[in-house]
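K.L.:
Below: one structure in structure tokens.
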Amino acid sequence: MMLSRRHWLLSALSLVTLSGCGYQLRGVSNTSERALAHRIYLVSDGADGELVAQTRRALQSFGAELVAERKQADLIVTLGATTQQSVISAIGSFGEISARLFVMTQALRVTKVGVEDPLIDTLVRRSREVDQSLATQIGGLGAERPLAITRESVEVVQDIRARVVDSIVRLLQGLVPLGSS
Numbered sequence: 085m086m087l088s089r090r091h092w093l094l095s096a097l098s099l100v101t102l103s104g105c106g107y108q109l110r111g112v113s114n115t116s117e118r119a120l121a122h123r124i125y126l127v128s129d130g131a132d133g134e135l136v137a138q139t140r141r142a143l144q145s146f147g148a149e150l151v152a153e154r155k156q157a158d159l160i161v162t163l164g165a166t167t168q169q170s171v172i173s174a175i176g177s178f179g180e181i182s183a184r185l186f187v188m189t190q191a192l193r194v195t196k197v198g199v200e201d202p203l204i205d206t207l208v209r210r211s212r213e214v215d216q217s218l219a220t221q222i223g224g225l226g227a228e229r230p231l232a233i234t235r236e237s238v239e240v241v242q243d244i245r246a247r248v249v250d251s252i253v254r255l256l257q258g259l260v261p262l263g264s265s
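Once you know that position 73 of the sequence shown is 157 in our numbering, the rest is easy, because the numbers rise by one and skip nothing.
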């Protein structure tokens, strides 16, 4: 019984010491540092619909207030055209496609209300290479093979879309607070 109390006391003491020095477990973040305390008007100008919906959810989860009118906003976030490409990146020894590179590019412009020059004007580009030989082995021959590759492609696009949304949120988090000069 005494050993367990000592063990508990030592554990509590070490936890207090670690938290006092600023130690933080991986995956645990201080949301106040990463919060987006902006009123944002989100504009879709040719962006992928699912990407816009995911961006909206991500911004709200980080504390941004999405407003319905431009005049209510601090920032105007414009998601321009989304492009998606699939490029053959490797060919096997028998001439079959062995790998594809999937690329998604998203135009992003962030402006402060009342200021002409954008705070951010960039293209967010994310890619992922997929080994097609694995999809071919799983799918077998004939009609099943393209179906396996198509399923893989959809999953890859969803993954890349999530990476693009993450990059957009990180860019907005990197902005200097609007009240400061």
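Virtual Cβ for every residue (Gly too), placed ideally from N, Cα, C.
For the region 146-222, which segments carrying the beta strand (DSSP E) assignment without a break, of at least 3 residues, lie completely within its bounds, in sequence order?
P.N.:
If we require 3 residues or more, the beta strand (DSSP E) runs fully inside the region 146-222 come out as 159-175, 181-196 and 204-215.
K.L.:
May I have the straight-line CA-CA distance separating G224 from G179, to the nearest angstrom?
P.N.:
Translated into the one-based positions of the sequence shown, residue 224 becomes position 140. Translated into the one-based positions of the sequence shown, residue 179 becomes position 95. Because G224 carries a pLDDT of 47, less than 50, the predicted location of this residue cannot be relied on, and no value is offered for it.
K.L.:
Smallest Cα separation from T195: which of Q169, V171, T206 and V136?
P.N.:
Mapped onto the sequence shown, residue 195 falls at position 111. Of Q169, V171, T206 and V136, the residue nearest in Cα terms is T206.
K.L.:
Near T167, which residues of its chain fall below 6 Å by C-beta distance, leaving aside the five closest residues on each side in sequence?
P.N.:
Sequence index remark: in the sequence shown, residue 167 carries index 83 (1-based). Around T167: T189.
K.L.:
Who pairs with R245 in a beta bridge, going by DSSP?
P.N.:
To locate residue 245, count along the sequence shown from 1; it is residue 161. Answer is none; R245 lacks a bridge partner.
K.L.:
Give me the Cα-Cα distance between G164 and R209, rounded to the nearest whole angstrom.
P.N.:
Mapped onto the sequence shown, residue 164 falls at position 80. Mapped onto the sequence shown, residue 209 falls at position 125. Rounded to the nearest angstrom, the two C-alpha atoms are 13 Å apart.
K.L.:
Could you tell me which of L135, V214, R140 and Q257 sits nearest to E246, measuring between CA atoms?
P.N.:
Numbered from 1 along the sequence shown, position 162 holds the residue referred to as residue 246. According to the sequence as given, residue 246 is Ala; it is not Glu. Comparing Cα positions, the closest option is L135.
K.L.:
Got a sec, what are the start and stop residues for the beta strand (DSSP E) L270 sits in?
P.N.:
Since the first residue shown for the chain is 85 and the last is 265, residue 270 is missing from the structure and cannot be characterised.
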